[in-house]
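Once you know that position 53 of the sequence shown is 54 in our numbering, the rest is easy, because the numbers rise by one and skip nothing. We put the CB at the ideal spot given by N, CA and C, even for glycine. Just so we're clear, the structure is a prediction, and the values are computed from it rather than from any experiment. Working notes for the structure below.
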Amino acid sequence: MKNVLSIISLIIIMCGLAAFVAGFFMLAKWLGFVMLGVTLYFIGSSFSNAIGGD
(Lines of atoms letter the chains of each structure in order from A and count residues from 1; the text may use other names and numbers.)
(Lines give C-alpha, C1' and ligand atoms only; values in the text may rest on other atoms or scores of the structure.)
Protein backbone atom coordinates (compact mmCIF):
# COMPACT_ATOMS: atom_id res chain seq x y z
CA MET A 1 0.00 0.00 0.00
CA LYS A 2 2.84 2.37 0.87
CA ASN A 3 4.49 1.58 -2.48
CA VAL A 4 1.30 2.56 -4.35
CA LEU A 5 1.06 5.83 -2.41
CA SER A 6 4.68 6.68 -3.20
CA ILE A 7 4.04 6.03 -6.91
CA ILE A 8 0.90 8.22 -6.82
CA SER A 9 2.75 11.03 -5.02
CA LEU A 10 5.58 10.76 -7.56
CA ILE A 11 3.06 11.08 -10.44
CA ILE A 12 1.46 14.11 -8.74
CA ILE A 13 4.90 15.72 -8.27
CA MET A 14 5.80 15.08 -11.92
CA CYS A 15 2.48 16.57 -13.08
CA GLY A 16 3.07 19.59 -10.86
CA LEU A 17 6.57 20.08 -12.28
CA ALA A 18 5.27 19.74 -15.85
CA ALA A 19 2.53 22.30 -15.15
CA PHE A 20 5.10 24.64 -13.55
CA VAL A 21 7.45 24.36 -16.53
CA ALA A 22 4.59 24.89 -19.00
CA GLY A 23 3.36 27.90 -17.02
CA PHE A 24 6.89 29.30 -16.85
CA PHE A 25 7.28 29.05 -20.63
CA MET A 26 3.85 30.65 -21.16
CA LEU A 27 4.88 33.46 -18.80
CA ALA A 28 8.24 33.83 -20.55
CA LYS A 29 6.48 34.10 -23.92
CA TRP A 30 4.03 36.65 -22.47
CA LEU A 31 6.89 38.65 -20.93
CA GLY A 32 8.64 38.51 -24.30
CA PHE A 33 5.59 40.10 -25.94
CA VAL A 34 5.47 42.75 -23.20
CA MET A 35 9.17 43.56 -23.66
CA LEU A 36 8.67 43.73 -27.43
CA GLY A 37 5.74 46.11 -27.01
CA VAL A 38 7.65 48.34 -24.57
CA THR A 39 10.68 48.40 -26.89
CA LEU A 40 8.54 49.32 -29.91
CA TYR A 41 6.76 51.98 -27.85
CA PHE A 42 10.06 53.59 -26.82
CA ILE A 43 11.43 53.39 -30.38
CA GLY A 44 8.24 54.98 -31.72
CA SER A 45 8.23 57.76 -29.12
CA SER A 46 11.90 58.54 -29.75
CA PHE A 47 11.24 58.64 -33.51
CA SER A 48 8.26 60.97 -33.03
CA ASN A 49 10.42 63.22 -30.85
CA ALA A 50 13.16 63.23 -33.50
CA ILE A 51 10.68 63.99 -36.31
CA GLY A 52 8.58 66.53 -34.40
CA GLY A 53 11.56 68.29 -32.90
CA ASP A 54 11.14 70.17 -29.65
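Here DSSP, grouped into helix, strand and coil, assigns Met2 to coil.
Cβ-Cβ distances below 6 Å link Ser10 to nothing in the same chain once the five nearest sequence neighbours on each side are left out. Around Val5, the same chain offers no residue with a beta carbon nearer than 6 Å, after the five sequence neighbours per side are excluded.
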